[in-house]
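**Student:** After the structure tokens below, expect a handful of questions from me.
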Amino acid sequence: MSTEEKRELLKKLYFKTDIETKIGQKPPYSESERFVTGEGSVDAKIMFIGEAPGQKESEQGRPFVGRSGMLLRTLLKELEFNPADCFITNIVKWRPPQNRTPTPQEIIYCYHTYLKEEIDIIKPLIICTLGASSLKSICPMAPNITTARGKQIVYENCILLPTIHPAYALYNPAEKETLRKDLKTVKELAQDLQNIAKST
1 MSTEEKRELL
11 KKLYFKTDIE
21 TKIGQKPPYS
31 ESERFVTGEG
41 SVDAKIMFIG
51 EAPGQKESEQ
61 GRPFVGRSGM
71 LLRTLLKELE
81 FNPADCFITN
91 IVKWRPPQNR
101 TPTPQEIIYC
111 YHTYLKEEID
121 IIKPLIICTL
131 GASSLKSICP
141 MAPNITTARG
151 KQIVYENCIL
161 LPTIHPAYAL
171 YNPAEKETLR
181 KDLKTVKELA
191 QDLQNIAKST
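Residues 1 to 200 in our numbering are what the sequence shown lists, from first letter to last.
Here it is, written out as structure tokens:
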């Protein structure tokens, strides 16, 4: 699939999701909140999946631009991730009421309605889930995030590598190094997979 074909499919998916969710009033849709699409290269080798937009994300219509997002973006820059290799999105595309955690039912709905298709369009080598909700949306039977973080899980045609949510590292500064370590592992794994692909 070409880059342009991927862009067009993603554009259609977001438009369809936005319209159908508004018409059906599916939770956690709210007229007061903005639909927040994914952002980055459609040819990304690494796909970062968070939980849901916060206030800043809803205001700007972009994922991970609030405090926790800035921490993630800062670490990616410090670790010299290539922006062309990254795509950032959330399970839920609207900010939930009172900034609450999405319910299990909402997570299941969002995964089957559009997140699975979003992943299929990008076709990453690695999915890095950020936080427990993101991990459970893709692997419902996975252990808790404390046990699963930093460990590789096979997911269809790619590798899933869970880590903590950047917001957790903000409220627990000692965990910032945990997040950095896991992101470094993601980068190294992506490089290894790319090298293997080139040699075959």
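Each residue gets a CB set at the ideal place from its N, CA and C atoms; glycine is no exception.
1. My assumption, with CB atoms under 8 Å, is that I19 sits in contact with I127. Please give the rounded CB distance.
2. Can the beta-carbon of A190 be found less than 7 Å from the beta-carbon of I91?
3. In chain order, what residues of the same chain have a beta carbon less than 7 Å from the beta carbon of R73, not counting five sequence neighbours either side?
4. Determine which residues share a DSSP beta bridge with N90 and list them.
5. Do the segment 83-103 and the segment 163-171 touch if we need at least three Cβ pairs shorter than 8 Å?
6. Where does E177 fall in DSSP's three states?
7. Would you report the Cα separation of E59 and E118, rounded to the nearest angstrom?
8. So if DSSP puts V154 in a beta bridge, which residue, or which two residues, is it bridged to?
**Tutor:** Reading from the atomic positions:
1. If you number the sequence shown from 1, residue 19 lands on position 19. If you number the sequence shown from 1, residue 127 lands on position 127. Actually they are not in contact, since the Cβ atoms of I19 and I127 sit about 27 Å apart, beyond 8 Å.
2. In the sequence shown, the residue the question calls residue 190 occupies position 190. In the sequence shown, the residue the question calls residue 91 occupies position 91. Their beta carbons are not under 7 Å apart, which means A190 does not touch I91 by this criterion.
3. Residue 73 sits at position 73 when you count from the first residue of the sequence shown. These residues qualify, in order along the chain: F64.
4. Within the sequence shown, numbered from 1, the residue matching residue 90 stands at position 90. BP columns for N90 point to G50.
5. no
6. The sequence position of residue 177 within the sequence shown is 177, counting from 1. In the structure shown, E177 sits in a helix (DSSP, three-state: H, G or I).
7. Reading the sequence shown from its first residue, position 59 is the one you call residue 59. Reading the sequence shown from its first residue, position 118 is the one you call residue 118. Straight-line Cα distance between these residues: approximately 22 Å.
8. Numbered from its first residue, the sequence shown carries residue 154 at position 154. DSSP, once it has assigned bridges, lists I159 as partnering V154.
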